[in-house]
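Asks: Counting from 23, one number per residue, gives the positions in the sequence shown under the numbering used here. Cβ atoms here follow ideal geometry from the backbone N, Cα and C, with glycine treated the same way. It should be emphasised that the depicted structure is a prediction, and the values quoted were computed from it without experimental measurement.
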Amino acid sequence: TALLNSYTICAGSTILLTAEPSPTYSTWLWKKGTATVSTTNTATLGAGTYTITFTNASGCPFTKTITILESPKPVWKLNLFSGVKCDENFDGQIDVNLNDITPVIIGNSSLFTVHYYLTQNDANVGNNNYIQNPATWSYTTNTTIWVRAFSQYCPGEVKQLDFKKGNDIPVSKTEDSVTECDNADNNEDGIKTVNLGSYISNFTALSGVTATYYDNLNAAQNSGTVIPNPVSVNQSGVYYLRLHKANYCDVIVKLNVTIQIPKKSIVLKDKAICPGTITQLDAGPGFDSYLWSTGETTQTIDVPVGNYWVDLTFNGCTFRQHVTVSSVPMPTITGVEIMGTTVTVNVSGGNPPYQYAIDNGNYQSSNVFHNVRGGDHTIYVISSDNCAPVSYEITVVEPYNVITPNADGINDVLNYSALLKKDAPFMQIFDRYGKIVFVGDKNNRYTWDGRAFGKAVPTGSYWLVMHWTEPGVATPSQYSGWVLVKNRD
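#1: To which residues does DSSP link G322 through a beta bridge?
#2: Just to confirm my understanding: we take F134, look at its own chain, exclude 5 residues before and 5 after, and list those with CB closer than 7 Å. What are they?
#3: For the putative contact between S8 and I360, defined by C-beta atoms under 8 Å, what is the C-beta separation to the nearest angstrom?
#4: Using only the alpha-carbon positions, how far apart do T56 and E42 sit?
#5: Evaluate the contact criterion for the segment 285–292 versus the segment 336–346: three or more CB pairs, one atom per stretch, below 8 Å.
#6: Using C-beta distances below 7 Å, list every residue in its chain close to S254, excluding the 5 sequence neighbours before and after it, in chain order.
#7: Kindly confirm or deny that the segment 272–283 and the segment 298–308 touch, where touching means at least three C-beta pairs closer than 8 Å.
#8: Classify L38 as buried or exposed, calling it buried when 16 or more other Cβ atoms lie within 10 Å of its own Cβ.
#9: Residues in the same chain with beta-carbon distance under 6 Å from S258, minus the five sequence neighbours each way, listed in chain order, please.
#10: Looking only at its chain, what residues have a beta carbon closer than 6 Å to the beta carbon of A440, apart from the 5 residues adjacent to it on each side?
#11: Opposite S348 in the DSSP bridges: which residues?
#12: For D190, which beta-bridge partners are listed by DSSP?
#13: Taking a contact to mean a Cβ-Cβ separation below 8 Å, would you say D304 touches T316 in this structure?
#14: Among residues of its own chain, excluding the 5 on either side of G219, which ones have a beta-carbon nearer than 7 Å to its beta-carbon?
#15: For the beta strand (DSSP E) containing Q377, name the first residue and the last one.
#16: Let me check understanding here. Comparing Cα to Cα, which of T354, P427, V424, K444 lies closest to S405?
#17: Figure out for me which residue from S245, T62, W50, G114 has the closest Cα to the Cα of T85.
#18: So what's N509 in DSSP terms, helix, strand or just coil?
#19: Consult DSSP for I432 and reduce its assignment to one of helix, strand or coil.
#20: Could you check what DSSP says for N164 in three-state terms: helix, strand or coil?
#21: With a 10 Å radius around its C-beta and 16 neighbouring C-beta atoms as the bar for buried, classify F475 as buried or exposed.
#22: Where S60 and Y72 are concerned, what is the direct C-alpha to C-alpha distance, given to the nearest angstrom?
#23: Reducing DSSP to helix, strand and coil, say where Q182 ends up.
#24: Straight-line CA distance for I401 to F336?
#25: Note down, one range per segment and in chain order, each beta strand (DSSP E) of at least 3 residues found wholly within the segment 370–422.
#26: Specify the secondary structure class of P353 as computed by DSSP and reduced to three states.
#27: Helix, strand or coil, according to DSSP, for Q343 in the structure here?
#28: Return the first residue and the last residue of the beta strand (DSSP E) that V487 is part of.
#29: Got a sec, what are the start and stop residues for the beta strand (DSSP E) T124 sits in?
#30: Could you check if G372 belongs to the surroundings of the ligand FMN, using beta carbon to heavy atom distance under 7 Å?
#31: Quick one: Cα of G328 to Cα of I222, how far?
#32: Assuming N329 is part of the beta strand (DSSP E), what are its boundary residues?
#33: Between which two residues does the alpha helix (DSSP H) containing N256 stretch?
#34: Indicate the three-state DSSP secondary structure (helix, strand or coil) for L239 in the structure shown.
#35: For the alpha helix (DSSP H) that D144 lies in, which residues bound it at each end?
#36: Closest to H489 by C-alpha separation, out of V193, D445, G371, would be which residue?
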């Protein structure tokens, strides 16, 4: 038989090839690369590319190239297989789709025909007694089956698969009844949103258990329509919890829920008080017991600003009622405008109308003060709640226009050091010809002693220019005017 151009063998195996014998040819030379494999008309070859040189009786050579291909063996991944299964629909038998297992245990399963057998002998032989419907196979007790994988080029390989029933989640009971108080939405209508998951621990002490929730047993057994959790319970309800945890089989438990209507206080109300004060909270009479968030167990408590609750127990049902003591919103002095000796106070927040006072003066409804003397002052503002006033410190820069720098301690300097408390202060003094004789800054504290360039200036009138910005006020304040200097000649 003439040699083909290529052959396929199972990985790791060899093939015996026979070339045409004499008298057609007298010599044969089989080579793989430069290595001689055989010099007869037969050769046992593994995977690779070979050349065969034939020589006939006349000494004429003829060369042919042959390729031996490999078909892979099954790549077994039995370490990825878990034969521990659960009865997912609680019908007494464990259903397994063996077709889903095939790609798990054989990495290159698409290259093979795979059959599952109930006996090892049938698997070894490779007969037709394999499981005919692998997608719907099931078992009821721990069992062993065998899988056989084979291809056109590779003989069957057989592996053992052990199937077991997994351990159920351990439960202390399969049914429980609970009572919840209708205190979630404060309308006491017997309807309450209940977190069924909070009762998982009633059935099992195992940590990390989760659940899906159903309103009938059939749905729970067959993974039917799941109900949302939390669930709204009207008076009462029956629910089935299908418990889950990794490496355990699901368990179904039954939970009976009854809603009980509690009693709440009708006199306990939120309050607003002045900062730094206290008030009395009264839950009212008629309850079996009181427990405040402060730890007190009386009907009334005295508290400052804060959030509080009280557990009111009546007829076996405890209702937690929350109450807030808030601080009255205080006004904020957003800025003070000072124009000469006129002071305007700007306020926001709190509860108007506002009352205004300066230093120890009486309160007034107007936010404008006139003829305020120069120096430091305190502004006070109260809102309609009559809480303690808020305050604001100001400095009034009072213009004056005569200095007599004669060292008698009276009007010796032009002192505007109040500008140090302002934003962006500016101060310059000019003579009658427009020449600058003084520039105020933080070093000289905006105070002029009637001297310029180290000498006393001549007696006369000088022009003063000042401007600054009050803290928190966008509009700058400004002042300009004549200053009379009386120096000794």
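Replies: Reading it off the structure:
#1: The residue you call residue 322 lines up with position 300 of the sequence shown. As written in the sequence, residue 322 is Thr, which differs from the Gly given in the question. BP columns for T322 point to D304.
#2: Along the sequence shown, read from residue 1 onward, the residue named residue 134 stands at position 112. Here the set comprises P96, I128, A171, F172, S173.
#3: This structure gives no information on residue 8, because the portion of the chain shown stretches from 23 to 511.
#4: Walking along the sequence shown from the start, residue 56 turns up at place 34. Walking along the sequence shown from the start, residue 42 turns up at place 20. Those two C-alpha atoms are separated by around 23 Å.
#5: yes
#6: Reading the sequence shown from its first residue, position 232 is the one you call residue 254. Closer than 7 Å at the Cβ level, and outside the excluded window around S254, lie I213, T215.
#7: no
#8: Along the sequence shown, one-based indexing puts residue 38 at 16. Under this definition L38 is an exposed residue.
#9: By 1-based counting over the sequence shown, the position of residue 258 is 236. Once the five neighbours on either side are set aside, the close Cβ partners of S258 are T280.
#10: In the sequence shown, residue 440 corresponds to position 418, counting from 1. Around A440: T417, V419.
#11: As a first step, residue 348 is located in the sequence shown; it is residue number 326 there, counting from the start. Answer is A294.
#12: To locate residue 190, count along the sequence shown from 1; it is residue 168. The partner list for D190 (beta bridge, DSSP) reads C271.
#13: Here residue 304 is taken as the residue at index 282 of the sequence shown, counted from 1. Here residue 316 is taken as the residue at index 294 of the sequence shown, counted from 1. No, these two residues do not count as a Cβ contact at 8 Å.
#14: Position 197 of the sequence shown, counting from 1, holds the residue named residue 219. For G219, where only same-chain residues beyond five positions count, the Cβ hits under 7 Å are A233, N251.
#15: Mapped onto the sequence shown, residue 377 falls at position 355. Residues 377–380.
#16: Here residue 405 is taken as the residue at index 383 of the sequence shown, counted from 1. When only C-alpha atoms are compared, the closest one is T354.
#17: Position 63 of the sequence shown holds residue 85. It is W50.
#18: As a first step, residue 509 must be located in the sequence shown, where it is residue number 487. If DSSP states are grouped into helix, strand and coil, N509 belongs with coil.
#19: As a working note, residue 432 is residue 410 in the sequence shown. In this structure, I432 counts as coil in the three-state DSSP scheme.
#20: For this step, residue 164 is matched to residue 142 along the sequence shown. In this structure, N164 counts as coil in the three-state DSSP scheme.
#21: Mapped onto the sequence shown, residue 475 falls at position 453. Result: exposed.
#22: As a first step, residue 60 is located in the sequence shown; it is residue number 38 there, counting from the start. As a first step, residue 72 is located in the sequence shown; it is residue number 50 there, counting from the start. For S60 and Y72, the distance between alpha carbons rounds to 11 Å.
#23: Translated into positions along the sequence shown, residue 182 becomes position 160. It is a strand residue.
#24: Taking the sequence shown and counting its residues from 1, the one referred to as residue 401 is at position 379. Taking the sequence shown and counting its residues from 1, the one referred to as residue 336 is at position 314. Between I401 and F336, the C-alpha separation is close to 53 Å.
#25: 377–380, 397–404, 412–418
#26: On the sequence shown, residue 353 is found 331 positions in, with the first residue counted as 1. Strand at P353.
#27: Mapped onto the sequence shown, residue 343 falls at position 321. It is a strand residue.
#28: Position 465 of the sequence shown, counted from the first residue, corresponds to residue 487. Element bounds for V487: 482–491.
#29: Stepping through the sequence shown from its first residue, residue 124 is reached at position 102. First-last for T124: 120–127, but that is the alpha helix (DSSP H), not the beta strand (DSSP E).
#30: This structure lacks the ligand FMN; in fact it carries no ligand of any kind.
#31: Within the sequence shown, residue 328 is the residue found at index 306, counting from 1. Within the sequence shown, residue 222 is the residue found at index 200, counting from 1. Using only the alpha carbons, I get a separation of about 35 Å.
#32: For the purposes of this step, residue 329 is taken as the residue at position 307 of the sequence shown. It spans 328–336 - the beta strand (DSSP E) in which N329 sits, taken as one unbroken run.
#33: Numbered from its first residue, the sequence shown carries residue 256 at position 234. Premise fails: N256 lies in the beta strand (DSSP E), 253–256, not in any alpha helix (DSSP H).
#34: Sequence index remark: in the sequence shown, residue 239 carries index 217 (1-based). It is helical.
#35: Position 122 of the sequence shown, counted from the first residue, corresponds to residue 144. Start and end: 142–147.
#36: Within the sequence shown, numbered from 1, the residue matching residue 489 stands at position 467. If we check each option's Cα against that of H489, D445 comes out closest.
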